[in-house]
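A quick write-up on the structure given underneath.
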Amino acid sequence: MLEVNITIRLSHYDLEVDFSVGNEILVLFGPSGSGKTTILHSIAGLTKPNEGSIKLGSKPFFESPNNYLPVQARNVGLLFQDYALFPHMTVENNIRYGMKRKEEGHSVVLDELLQVLGIQPLLRKYPHQISGGEKQRVALARALATEPSILLLDEPLSALDKQTRIECQDELIRLHDIWKIPFIIVTHDVEEAEKLGDRILFLDRGKIIDEK
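Position one of the sequence shown corresponds to residue 1377 (the working numbering), numbered consecutively onward.
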């Protein structure tokens, strides 16, 4: 269970949210500038809240004022909107990048991901040689190859065409059924939110204004 109760002072408003997430898909929904990405970055450790706490199970990520776990110690998978693949690395090296500090013996996990996502034929290609949908699958494989305790996805499908987007939505649901860890997905597409989310938190100007 991830528990988030934080305050972050932003330039135009104070972000104040209090919510928890089990092994489900939680969607953060709202207009641009409502604080969705800031919440993800706080959970990942890229943004430090001013007050409050973030805890995954018994593991504190942040406790005001001074207990702050660094990014690399949180075991959080983060998928950026632009996928953030390294252009000079092959698909295989991109996926393996986050595994370098892991113990050996994780090839079973990687093999499973390659099979589930259907990206074995892409391993020797470079990011500029593959499509948007394929980049999304590679970025997902990279995020999950580290065996994270939670997966955060920041508008991961926004750049895809409609058909590829539908396919990748189905893929996300299938991956969650397999991995059974908390997924938190940011979107401002209402149809996507309703399809993906076990729960939806509606945000506006840093506040949760509704839940579905």
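Backbone N, C-alpha and C define an ideal beta-carbon position, used for all residues, glycine too.
Which one of the options has the shortest CA to CA distance from residue i?
i, options, result
"Gly1573", "Gly1428, Ala1420, Ile1549, Met1377", "Ile1549"
"Thr1540", "Glu1510, Thr1522, Val1514, Ala1569", "Glu1510"
"Asp1394", "Pro1425, Glu1547, Leu1490, Ser1408", "Pro1425"
"Leu1490", "Gln1505, Arg1472, Pro1503, Ser1507", "Arg1472"
"Lys1501", "Asp1390, Val1514, Asn1443", "Val1514"
"Glu1439", "Met1475, Glu1379, Val1452", "Glu1379"
"Tyr1459", "Leu1516, Arg1575, Val1566", "Leu1516"
"Ile1542", "Leu1577, Gln1512, Leu1432", "Gln1512"
"Lys1538", "Gly1508, Thr1423, Thr1522", "Gly1508"
Over the uninterrupted beta strand (DSSP E) stretch that includes residue i, give me the two end residues.
i, result
"Lys1583", "1583 to 1587"
"Lys1435", "1435 to 1439"
"Gly1453", "1452 to 1455"
Could you check how far apart the C-beta atoms of residue i and residue j are, in whole angstroms? I think they sit under 8 angstroms.
i, j, result
"Ser1362", "Ile1384", "Residue 1362 cannot be examined here, being either before or after the span of the chain that is shown, 1377 to 1588."
"Gly1406", "His1564", "7 angstroms"
"Ala1420", "Leu1454", "5 angstroms"
"Ile1452", "Pro1524", "Note that residue 1452 is Val in the sequence shown, not Ile. Confirmed, about 6 angstroms."
Just the C-alpha distance for residue i and residue j, rounded to the nearest angstrom, thanks.
i, j, result
"Cys1544", "Ala1519", "15 angstroms"
"Ile1584", "Val1403", "12 angstroms"
"Phe1437", "Leu1499", "34 angstroms"
"Ile1561", "Ser1434", "23 angstroms"
"Leu1533", "Leu1386", "27 angstroms"
"Thr1414", "Asp1586", "18 angstroms"
"Ala1535", "Leu1461", "15 angstroms"
Alpha helix (DSSP H) containing residue i: first to last residue?
i, result
"Leu1572", "1566 to 1572"
"Glu1547", "1538 to 1555"
"Asn1414", "First, the residue type needs correcting, since residue 1414 is Thr and not Asn in the sequence shown. Start and end: 1412 to 1420."
"Ile1471", "1467 to 1473"
- Pair every Cβ in the region 1482 to 1496 with every Cβ in the region 1527 to 1539, then say whether three or more of these pairs are closer than 8 angstroms. no
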